[in-house]
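All remarks here apply to the structure that follows.
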């Protein structure tokens, strides 16, 4: 006669039965346990009787004042209590992971959006996901691809475009080109700056070929305006510092002026101003977290509600 393979022994009690027994032991009351487990008292009583039948032992002595556990019940409780507490702890840890509270969220940005836009979004993210650990890097444009492809950070926020097969991009909003003008300059009193107003003005420019200067050059070329470039700056903070020393006017994206300005500067709207698109970039070949999606949503909301310069 062929041997019949044995199936593994089934546990005497299910996890649900163990949970019910544990709750009754904690409350020493069918009424209290039924409230905690959100089940009816008759159903709970039937479950306890079923457990006693399966184990062939009595678990409780029933009195008007409540339930008194038998010695066997106390032994079973001592065995399962630490296990259930560990399971509960694992459950809470899983919830924290799902909320992103155990994650390290490392993100970078280029200079202009690093002044205020990204810090404001990171603050909102930290309030939405209280346990998150944040790292924030500020990078020049020529380091963006390496930052993402090597996995140094999860994403980059930038006004620059990037054509790379491994890098995905999502547009999250836009901002206008604005003029930052020394208070001593005659144009500081104007409500709106027109391209023609800038003809011959002392200027602070950005490096040729960069995202900022391409937009500025296109704007000035469109209106056939020539300016007097007094200095070049690589980063927006440097450009603002030079403007604050009254070296000239600087045209920047609106996100730059969300951050602190020098005491000698004013910001003015530009008529027919071109716009800068703000993108979030990430490595399409690496997984990204739920925190990144929350961060993108926050950025989009903040850009929709940019303060008016009027």
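Numbering (our numbering), first residue to last: 71 to 380.
Even glycine gets a Cβ: it sits at the ideal position worked out from N, Cα and C.
Selection 113, 254, 356 evaluated against residue 319 yields 254 as nearest (Cα-Cα).
With fewer than three CB-CB distances shorter than 8 Å, the segment 336-347 does not count as touching the segment 218-226. Within the DSSP secondary-structure output, residue 136 pairs in a beta bridge with 133. A buried status is given to residue 242, since no fewer than 16 other beta-carbon atoms sit within 10 Å of its beta-carbon. In this structure residue 193 is exposed. Its beta-carbon is surrounded by fewer than 16 other beta-carbon atoms within 10 angstroms.
In the three-state scheme derived from DSSP, where H, G and I count as helix and E and B as strand, residue 205 is classed as strand. Distance from the CA of residue 135 to the CA of residue 98, rounded to the nearest whole angstrom, comes to 9 Å.
Bridge pairing for residue 176: 205 [DSSP]. In the structure shown, residue 265 adopts helical secondary structure according to DSSP, grouped into three states.
Straight-line spacing of the CA atoms in residue 270 and residue 299 works out to 9 Å. When the five nearest sequence neighbours on each side are left out, the beta carbons in the same chain lying within less than 6 Å of the beta carbon of residue 281 are those of 229, 230, in order along the chain. The way I'd put it, the segment 345-363 doesn't touch the segment 255-266; fewer than three beta-carbon pairs between them come closer than 8 Å. With a cutoff of 8 Å on beta-carbon distance, residue 329 and residue 186 are scored as near each other. In the three-state reduction of the DSSP assignment, residue 344 falls in the coil class. For residue 179, the closest C-alpha among the options 305, 332, 115, 260 is that of 305. If you look at residue 225, you'll find it in the beta strand (DSSP E) that goes 225-228. Closest in alpha carbon position to residue 373, among 110, 151, 190, is 190. As the crow flies, the alpha-carbon of residue 290 is around 14 Å from that of residue 276. Exclusion of the five residues before and after residue 150 leaves 88, 91, 92 as the residues of its chain whose Cβ lies within less than 8 Å of its Cβ. Residue state for residue 239 is assigned as strand, using DSSP reduced to three classes.
With contact defined as three or more Cβ pairs closer than 8 Å, the segment 117-130 and the segment 140-159 are in contact. When DSSP reads this structure, residue 303 sits in a beta bridge with 276. Look at residue 334 here: in three-state DSSP terms it is coil, with no helix or strand label. Residue 362 counts as buried, since no fewer than 16 other beta carbons sit within 10 angstroms of its beta carbon. Rounded to the nearest whole angstrom, the C-alpha separation of residue 214 and residue 239 is 12 Å. By the C-beta density criterion, residue 114 is buried, having at least 16 other C-beta atoms within 10 angstroms. The alpha-carbon of residue 310 is positioned some 15 Å away from that of residue 286.
CA-CA distance, residue 232 to residue 302, rounds to 23 Å.
Contact between residue 181 and residue 323 does not hold, since the beta-carbon distance rounds to 10 Å and is not under 8 Å.
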